[in-house]
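For reference, the structure is listed below as structure tokens.
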Amino acid sequence: MAEEKKTSMYDYVNAGFVALGMAMGEKVGLFDVLIKLSEDGSWKTTEEIAAAAKLKERYVREWCKAMGCADVIEMDESGVRFRIGAQRAVELRMAVPFATFVPLLSQVFGDIESCFQPSGPNGVSYDKYTDFHKLMNGLTVAAFEPMVLPCLFIQMPDLEEKLSSGIICLDVGCGLAEPSRNLAKKFPNSQFYAIDFSASSIAQAKELASKDNLNNVHFFAMDATQLDKDWTNKFDWVTAVDAIHDQAHPRKVLKEIVRVLKPGARFSMIDVKGTSNAYEDKKTLGSGNSAGHYMASLFHCMPVSLYFDGGEGLGTMWGAAVANELLAEAGLLDAKTFDTDHPVIMAIAVPPNSPTDAAEYFGANDIKEGDGELSTLFAKPGITITYTVDGRKLHDGIPLASESPDQLWKGLLTRKAICQLRSMATADENSCK
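In structure tokens:
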């Protein structure tokens, strides 16, 4: 038994070395070259591979042997000829961009070590991660358009037609904005806005869009907790691709998203397929995928959030349960979580007309909490209430009605809280069943 555990631990260590080699292969272009050379199914020597890649043969030889031993690429019995099959090429295009994060995250090893210490910093600045947005863009290219976008269109069957006719879209935390730029090409009648707090990423995105002569995509270096004040009720579709869990203040970001959505608009959040329970993550995603994403969280997503004052540090694996709780807090109800064609990516789509009309759910006009009467719900504007769900205070002083009773604040109440308050008002214990 002890020997089996020891071997398993060595497998994990060796996998780290292999991932480093995969990252190098991506960096110097060896995967692309060998995939191209292998299209006819023939084996290639390291001399042929090196010549095609314009690299030193000795280094190419050592890399090919390592990748061949790991079964990342195919190696024949001679040990000196290699190829990449068509199916493996598909798998590599999906996995290799993630491998590039191994050297990236290694840059901050000492910084993360310091964060562990009681007297150390709370987190790590984005500035410490060289080329983060470029590498993240590689992940997005590999996953969003081929594996995620088609699933969004299936879940929202009228979305593609609306994009063709012309709507206004916003991507929050866009990085280099590959999805927005590609959508802008495909749907010229629609307008695409993309924001990120990184000014350098926005500058690169603008340059890339300019090369493609795109006039229907607009970029802004902007704090997602303070979107443009003139954007209230502006957008028909808002997306956040692998972005919300990195935010220092995700609740504020989601409330801003609620503000800028038009009535009946849609919000789509694409994120890692966590369950909000590590044990279930292991069962659902497998040991390697779940552990890998928890480590990516430890070395990036969590510390970049905690770096800011009051940062929540949700982490990569915050999961669907926590995500839906935060969405509901912000007033985005009826969110539907569904799998995509990517093995570790989920999408959460909020349908139109999601913000709750409280009048539909309350069975009585008068709401009481303890001994304090809160008066008639809609008769008096500016009514507030403090409430808890499962013993935890969710909000303090939530306005139940705005200046005009028919202008309900969109970040109103979760369905569970509405049921709880309705039960209090009607003394009906079955009102939520």
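Note that the sequence shown covers residues 1 to 433 in the UniProt record's numbering.
Heads up, the beta-carbon is just placed ideally off N, CA and C, and yes, glycines get one too.
In the DSSP annotation of this structure, the continuous segment of the beta strand (DSSP E) that includes Cys169 starts and ends at 168 to 172. Note on Lys54: under 16 other CB atoms within 10 angstroms of its CB, so exposed under the neighbour-count rule.
Secondary structure note for Pro150: its alpha helix (DSSP H) is the uninterrupted segment 149 to 155.
A direct Cα-Cα distance of roughly 8 Å separates Leu30 from Val60. Taking C-beta atoms as the reference points, Thr232 and Arg259 count as a pair closer than 7 Å. Taking a 10 Å sphere around the C-beta of Glu329, we find 16 or more other C-beta atoms and assign the residue as buried. By the criterion of at least three beta-carbon pairs nearer than 8 Å, the region 139 to 157 is not in contact with the region 222 to 236. Going by DSSP, Asp111 is part of the alpha helix (DSSP H) stretching over 109 to 116. Taken in chain order, the whole alpha helix (DSSP H) runs of length 4 or more contained in the region 216 to 276 are 250 to 260. Going by beta carbons, Arg81 and Glu74 fall outside the 7 Å limit.
Residue range 336 to 339 is occupied by the beta strand (DSSP E) that includes Asp339. With respect to the 7 Å criterion, Ala320 and Thr337 are classified as neighbours on the basis of their beta carbons. Ala66 has its alpha-carbon roughly 14 Å from the corresponding atom of Val13. Between Thr275 and the set Asn289, Val350, Cys169, Ala52, the nearest pair of CA atoms involves Asn289. Comparing alpha carbon positions, the residue from Leu327, Lys185, Phe17, Asn215 closest to Pro103 is Phe17. Rounded to whole angstroms, the gap between the alpha carbons of Leu298 and Ala278 is 14 Å. In this structure, the straight-line span from the alpha carbon of Ser287 to that of Trp43 is close to 34 Å. With fewer than 16 other Cβ atoms inside 10 Å of its own Cβ, Pro150 counts as exposed. Minimum Cα-Cα distance from Ser268 among the listed residues Glu91, Met346, Tyr193 corresponds to Met346. If you draw a straight line from the Cα of Ala240 to the Cα of Arg58, it is about 44 Å long. Scanning Ala205, Lys185, Leu20, Lys186 for the CA closest to the CA of Ala177 turns up Ala205.
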